[in-house]
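In full-length UniProt numbering, the protein residues as written are 1 to 160. The C-beta atom is built at its ideal place from N, Cα and C for all residues, glycine as well. Structure, as C-alpha cells:
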C-alpha cells in the first residue's frame, strides 16, 4: 500500500467518498453521512486526508482527521476527529484500515492533537471492532449525530 496525503476534493478522494456515502445509505437508508465537511477541514496543520493506493495505482482506501476544539457539539480542546474511514469492500480484512488508522493517529499526534475521536453507528460492527481493538473506548456523544440512537462515539488518547 502506498498511503498519500491528498486534498479532500482530489478526484480520488471524491470517488472514495462517493463509495462510502453509498455504503452508509445501504446500511442506514438515510442518503449517507450528512456531516458538513469542507476541503479546508483537512489542510495541515489542522487536519489531513489520506488515500491508500494499491500496486496498480488504484485508490482503495481513505480516511482523514480534522481539528476540533471545545464546541457546542460536544468536542473538547485538542480533539482530532476521524472522518471518512473507508476500505474498498473487495480489499477488507487485509489490515488496510488498521494501517490507515495508525497513519492518521501519528499525523494528528505530530500536529499536537491530544485525543482522536470518532463517531460511527450500530450498523457498522466491523468499524466498531476495529476501533475497540485499536484502543478506542466509548466516550460522550458529540457531533452531528450525537442525538441519534444508532450513533456510537469513541475516543483514544494520543499522548506519547
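Asked                                                                                                                                                                     : Found
Secondary structure at residue 35, three-state DSSP: helix, strand or coil?                                                                                               : coil
Flag this pair as yes or no: are the beta carbons of residue 53 and residue 13 separated by less than 9 Å?                                                                : no
In the DSSP assignment, find the unbroken beta strand (DSSP E) run with residue 2 in it and report its ends.                                                              : 2-5
With a threshold of 7 Å on Cβ separation, who are the neighbours of residue 67 within its own chain once the five nearest residues in sequence on each side are excluded? : 46, 47, 80 and 113
With respect to the beta strand (DSSP E) encompassing residue 21, which residues constitute its N-terminal and C-terminal limits?                                         : Here residue 21 belongs to no beta strand (DSSP E); instead the alpha helix (DSSP H) covers 11-28.
In whole angstroms, what separates the C-alpha of residue 160 from that of residue 108?                                                                                   : 12 Å
Can you tell me whether residue 79 is helix, strand or coil according to DSSP?                                                                                            : strand
Whole angstroms are fine: how far does the CA of residue 56 sit from the CA of residue 119?                                                                               : 32 Å
Between residue 110 and residue 148, what straight-line distance do the alpha-carbon atoms span, to the nearest angstrom?                                                 : 32 Å
Just how far apart, CA to CA, sit residue 31 and residue 85?                                                                                                              : 17 Å
The beta strand (DSSP E) that contains residue 120, what's its start and end?                                                                                             : 115-121
Does DSSP put residue 53 in a helix, in a strand, or in coil?                                                                                                             : strand
If we call anything under 9 Å between Cβ atoms a contact, is residue 63 one with residue 82?                                                                              : yes
Please classify residue 15 as buried or exposed, where buried requires at least 16 neighbouring CB atoms within 10 angstroms.                                             : exposed
Compare the Cα-Cα distances from residue 128 to each of 146, 20, 155 and 144 and report the closest residue.                                                              : 155
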